[in-house]
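In my numbering, the protein residues as written are -13 to 308. Here a beta-carbon is modelled for each residue, glycine too, at the ideal position from N, C-alpha and C. For reference, the structure discussed in these notes is given below.
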């Protein structure tokens, strides 16, 4: 095994096992500095809009909130990496109950309802930024805790995962074996306990919530809508309604694996609606078919609601349908 420069200690006992990860202090990398400086610049531009006054003041206040949030998060991350960290992960299996610890934070589950445990990669703009220890519990995917500095301690975390598997399966009262691996592996030879056993909502209910998400997005295509209203629909209204839809329709968790999915999924539907809108407008104005202008809103609404319907009712990970 390739040795890490971090101090990583394993310990096993009758009650379970533990892994302590000591991350030494380090300087921020170029990406982190870029985000910090970009947020500062964003906040400065927002202040200029506020000073300008008029209608620009509302957009300035919104952008200022985003910029200040970015600066605060960057400042927090900078202080964290400068200090380093000492994190203790523990797993114990006692009397049919499994407890997962990350320092003082603990989550407890019934051993009989654990189907699989694996590592879920988190990414931003396609680049991996971290990994969560994840389990299927009673047919539902649940994140346990995040692994600090995963990219620098990959081998040790994989060993820890293997030890967790051995610990859980060595229990005398284990009703079935718990499988481990990466998220994209768990559809292979999956045990029934690892499937998402929740029943998907009926078609009528999925149509209702799909329409509920698509309806406010029609403001994108109204010439009377202010740009700030459109922006609020993108970053606030549509994500909230999409969250409600996947929750009430009991969608597979692969539909909202990343926090960004709550924004990206409705946004993809809106982009498809915009493209259809452009095609209809072109045919109505350039090809001499003015009657088509009456079907713009209904057609765009049906397309967006159809896309949302497919998203909330589908499964691409194999947890539900494999």
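query: Under the rule that 16 or more other beta-carbon atoms within 10 Å means buried, what is residue 241, buried or exposed?; result: buried
query: By alpha-carbon positions, which one of 126, 28, 2 ends up nearest to residue 75?; result: 2
query: Three or more C-beta pairs closer than 8 Å, one from the segment 210 to 226 and one from the segment 189 to 198: is that the case here?; result: no
query: Should residue 104 go down as buried or exposed, given a rule of 16 or more other Cβ atoms within 10 Å for buried?; result: buried
query: For a minimum of 4 consecutive residues, which ranges assigned as the alpha helix (DSSP H) are wholly contained in the segment 183 to 228?; result: 189 to 200, 213 to 218
query: Exposed or buried, residue -2, counting other C-beta atoms within 10 Å across all chains shown (16 or more means buried)?; result: exposed
query: Expressed to the nearest angstrom, what Euclidean distance is found between the alpha-carbon atoms of residue 48 and residue -4?; result: 47 Å
query: Name the residue from 196, 208, 239, 6 whose alpha carbon lies nearest to the alpha carbon of residue 89.; result: 6
query: Taking all protein chains shown into account, decide if residue 231 is buried (16 or more other Cβ within 10 angstroms of its Cβ) or exposed.; result: buried
query: Taking the beta strand (DSSP E) that residue 75 falls in, what are its first and last residues?; result: 71 to 80
query: State the CB to CB distance for the pair residue 86 and residue 92, rounded to an integer number of angstroms; the pair is presumed to be in contact (CB under 8 Å).; result: 7 Å
query: Can you say whether residue 152 is buried or exposed, counting buried as having 16 or more other CB atoms within 10 angstroms of its CB?; result: exposed
query: Do residue 261 and residue 270 have their beta-carbon atoms positioned less than 8 Å apart in this structure?; result: no
query: With burial defined as no fewer than 16 other Cβ atoms inside 10 Å of the residue's Cβ, what is the status of residue -12: buried or exposed?; result: Below a pLDDT of 50, predicted positions are generally treated as unreliable, and residue -12, at 40, falls in that range; the measurement from the model is reported next regardless. Residue -12 should be labelled exposed.
query: Please go through the same chain and pick out, in chain order, the residues whose beta-carbon is closer than 7 Å to the beta-carbon of residue 223, but skip the five residues on each side of it.; result: 202
query: Just how far apart, CA to CA, sit residue 142 and residue 95?; result: 24 Å
query: Note the first and the last residue of the continuous alpha helix (DSSP H) segment covering residue 295.; result: 282 to 299
query: Roughly how many whole angstroms lie between the Cα atoms of residue 251 and residue 0?; result: 46 Å
query: Please state whether DSSP places residue 247 in a helix, a strand or coil.; result: helix
query: Which residues does DSSP list as the beta-bridge partners of residue 129?; result: 120
query: Pick helix, strand or coil for residue 64, following the three-state DSSP scheme.; result: helix
query: Tell me the residue span of the beta strand (DSSP E) that contains residue 85.; result: 83 to 88
query: What does the Cβ neighbour count give for residue 77, buried or exposed, with the cut at 16 atoms within 10 Å?; result: buried
query: Determine the DSSP secondary structure at residue 142, reduced to helix, strand or coil.; result: helix
query: For residue 285, which residues from the same chain have a beta carbon less than 7 Å from its beta carbon, with the 5 sequence-adjacent residues on both sides left out?; result: 262, 266
query: With residue 249 and residue 221 assumed to form a contact (beta carbons below 8 Å), what rounded beta-carbon distance in angstroms separates them?; result: 7 Å
query: Which same chain residues end up closer than 6 Å to residue 302 when comparing Cβ atoms and leaving out the 5 residues on each side of it in sequence?; result: 240
query: Is it buried or exposed for residue 309, if we count other Cβ within 10 angstroms and need 16 for buried?; result: Nothing in the structure corresponds to residue 309, since the chain is present only between -13 and 308.
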